[in-house]
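In my numbering, the protein residues as written are 271 to 673.
Idealized CB from N, CA, C, for every residue including glycine.
This report concerns only the one structure given below.
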């Protein structure tokens, strides 16, 4: 038989039917009141059209994988006060197999649900005292009292959730175990920064009102998810000449591993959005879901051997020639480059005709076409004692092609 107290999407409210006579047994029922409360709550959630982050939490990283979140503020329709403050520490679990090759993104999200709170969670709900008249032998009666739980509460709760992909509220509820009557249950295993696993989700119970070891019945319609950060997980993975997590995942860094994927409660549109993104580009701020990366480029035509974790890659100069490094050229740009600082010790000799001459050549790896300057003032000659001999009349520097 279908449950007459189950909520359906088209419900607006629960209407009581008056008894037709004094003997008509129709009376209000607790299950009906609970159904009506659920309908009213969902109506409130749906009427709150703004959803997202007003202030995204700032993060600091505690090595190797703990994210410390400063207070952020979000608008969440199923949060009782609508505006929710979020802060706390989240420890990202290590990749268990140190030899596996890993390249993936994990996603950290804020999840808010409404849950049934009873006397197991809040003792004051089980402290209602009832007085009733109890018949006694001989027609008399006595007044008896008892203390019982008479009502329960619907309260909003929040968690941070780490997942292998971005999730929705329906995904979160689907991942929870179900009781025999179909209720979705969430048991709080701990309230530490390490969190606890539920299926492929890791839940961080940072809400101060949550109690460790308690089960909470979750109202499925209430689940709301706000994406927060994506976390780049890399281990033994070669990318552009650099091995990430060589022999085991390295510490997480803010710039290289954590990307803001939050959605604003008041997103910018049109010209404002373009202007904001332009400022971010000029400031070197990556776009949504993107982090900084690393590359190792050798200034040689090939890999460098014997360099575990940094095999590098061959790098070509912008004009198509191979970049070959030497002790005088250590950086490369797509423009003409003039080198004016070099010191070469030389020894004067004879040209065979009784004339003193000094000869020297450039290093073998200089770019083709390199020349000495033909301007005498561009050169200086120093004696062994460090004195400047450039202005001596017999000193002459000739321009020539380097080879």
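query: N- and C-terminal bounds of the alpha helix (DSSP H) containing residue 386; result: Careful: residue 386 lies outside any alpha helix (DSSP H), inside the beta strand (DSSP E) at 372-387.
query: Per-residue burial, residue 327 [other beta carbons within 10 Å of its own, 16 or more giving buried]; result: buried
query: 8 Å contact criterion, which residue 487 and residue 454 should meet: CB distance rounded; result: 7 Å
query: Own chain partners of residue 565 with C-beta closer than 7 Å, once the 5 adjacent residues on each side are dropped; result: 510, 511, 512
query: For residue 482 and residue 518, the rounded distance between their alpha carbons; result: 33 Å
query: Inter-stretch contact (C-beta, 8 Å, three-pair minimum) for the segment 341-358 and the segment 425-438; result: yes
query: Expected contact under 8 Å - CB spacing of residue 305 and residue 284 to nearest Å; result: 5 Å
query: Environment of residue 655 [buried if 16+ CB atoms lie within 10 Å]; result: exposed
query: Test item: CB-CB of residue 380 and residue 356 under 8 Å; result: yes
query: DSSP three-state assignment for residue 341, whether helix, strand or coil; result: strand
query: Nearest candidate by alpha-carbon position, reference residue 376, set 480, 415, 499, 578; result: 499
query: Residue span of the alpha helix (DSSP H) that contains residue 441, given as start and end; result: 439-444
query: C-alpha gap between residue 674 and residue 468, whole angstroms; result: Residue 674 lies beyond the stretch modelled for the chain, which goes from 271 to 673, so this question has no answer here.
query: Residue environment, residue 442, which counts as buried when at least 16 other CB atoms sit within 10 Å; result: buried
query: Neighbourhood of residue 403 by C-beta, 8 Å cutoff - its chain only, sequence neighbours within 5 removed; result: 411, 412, 413, 414
query: Reference residue 378; option with closest CA among 439, 456, 497; result: 497
query: Beta strand (DSSP E) segment containing residue 509, residue limits; result: 507-509
query: Inter-residue Cα distance where the pair is residue 479 and residue 385; result: 12 Å
query: Backbone secondary structure at residue 315 - three-state DSSP; result: helix
query: C-alpha gap between residue 434 and residue 503, whole angstroms; result: 10 Å
query: Residue interval of the alpha helix (DSSP H) (run including residue 524); result: 524-527
query: Option nearest residue 336 by Cα separation, candidates 324, 325, 363, 350; result: 363
query: Local conformation of residue 430 per DSSP, three classes; result: strand
query: Host beta strand (DSSP E) of residue 357 (start-end); result: 353-361
query: Option in 333, 358, 322, 619 with minimal Cα separation from residue 462; result: 358
query: Assigned exposure category for residue 648 - 16 Cβ within 10 Å defines buried; result: exposed
query: Where residue 334 sits in the DSSP three-state scheme; result: coil
query: Helix, strand or coil at residue 669 [DSSP, three-state]; result: In this predicted model, residue 669 has a pLDDT of only 42, less than 50, meaning its place in the structure is not dependable; the value taken from the coordinates is given anyway. The answer is coil: DSSP assigns residue 669 none of H, G, I, E or B.
query: Limits of the unbroken beta strand (DSSP E) element including residue 644; result: Taken as a continuous stretch (DSSP letters only), residue 644 belongs to no beta strand (DSSP E), as it is neither H nor E.
query: One or two residues paired with residue 416 in a DSSP bridge; result: 400
query: Backbone secondary structure at residue 545 - three-state DSSP; result: helix
query: Nearest-angstrom beta carbon gap, residue 660 and residue 650 [assumed within contact, 8 Å]; result: 5 Å
query: Integer-rounded CB distance, given that residue 458 should sit under 8 Å from residue 422; result: Their Cβ separation, rounded to whole angstroms, is 18 Å, which puts residue 422 and residue 458 out of contact at 8 Å.
query: Proximal residues to residue 286 (C-beta, below 7 Å), its chain only, five neighbours per side dropped; result: 298
query: Beta-bridge pairing of residue 424 - partner residues as DSSP gives them; result: 386
query: C-beta contact flag for residue 507 and residue 515 at 8 Å; result: yes
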